[in-house]
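Shown next, in structure tokens, is the structure this report addresses.
In this note's numbering, the protein residues as written are 1 to 177.
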């Protein structure tokens, strides 16, 4: 894997970012469609709303629930709910996409920070003290590019798979007419 072989400074997350907890809203305000998605403690949006409290290109980490510790990169503006942490990069030498790919790589370790059994959650202090490897800017750019290419390749392969499955279904339906 790429991260173990890269040299860099080991820093607590709080030295790189400001971790902010979102704002809970009444679930009755959520719609099935809308301008901005509402991201709370899960993996997928809980609904939609016509306002946002978080800008685009933001890393989020699920704070509570069974998926606490799940790391996302949000390309568009959204509403961060009460069970969602958002990371605001404070260190000039840290690239947002690099940090996302690193945290995604370490997602299982982040999930190990959870406490509680009824409604597990990750304490902000534990997340702030989570260690991050931060190489120089040039290496961050390289890692970012590698993962962007791999991500694009994965998206292409998934789209092809969908088309092949659709074609297979069509051909099988024609065989038994």
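By construction, the Cβ of each residue, glycine as well, lies at the ideal position given by its N, Cα and C atoms.
Notebook entry, point to check: Where do the ends of the alpha helix (DSSP H) carrying residue 115 lie?
Noted result: If you number the chain shown from 1, residue 115 lands on position 115. Looking at the DSSP string, residue 115 is not in any alpha helix (DSSP H), and its letter there is neither H nor E.
Next item on the list: May I ask you to verify whether the region 104-114 touches the region 69-81, counting CB pairs closer than 8 Å and requiring at least 3?
Entry: yes
Next item on the list: State the DSSP-derived secondary structure class of residue 68, mapped to helix, strand or coil.
Entry: The residue given as residue 68 occupies position 68 in the chain shown. Residue state, collapsed to three classes: coil.
Item checked: Rounded C-alpha distance that separates residue 52 from residue 36 -> Here the question's residue 52 lines up with position 52 in the chain shown. Here the question's residue 36 lines up with position 36 in the chain shown. Spanning the two alpha carbons is a distance of roughly 6 Å.
Check: What first and last residue would you give for the alpha helix (DSSP H) that runs through residue 141?
Finding: Position 141 of the chain shown holds residue 141. It spans 137-175 - the alpha helix (DSSP H) in which residue 141 sits, taken as one unbroken run.
Check: Leaving out five residues before and five after residue 123 in sequence, what residues of the same chain have Cβ atoms less than 7 Å from its Cβ?
Finding: Position 123 of the chain shown holds residue 123. Counting only Cβ-Cβ distances below 7 Å, and skipping sequence neighbours, we find 115.
Next item on the list: Give me the Cα-Cα distance between residue 113 and residue 169, rounded to the nearest whole angstrom.
Entry: Working through the chain shown from its first residue, we reach residue 113 at position 113. Working through the chain shown from its first residue, we reach residue 169 at position 169. Going from the Cα of residue 113 to the Cα of residue 169 covers about 44 Å.
Item checked: the region 85-98 contacting the region 4-18, beta-carbon criterion three pairs below 8 Å -> yes
Notebook entry, point to check: How would you call residue 140, buried or exposed, if buried means at least 16 neighbouring beta carbons within 10 angstroms?
Noted result: By one-based count along the chain shown, residue 140 stands at place 140. Flag for residue 140 reads buried.
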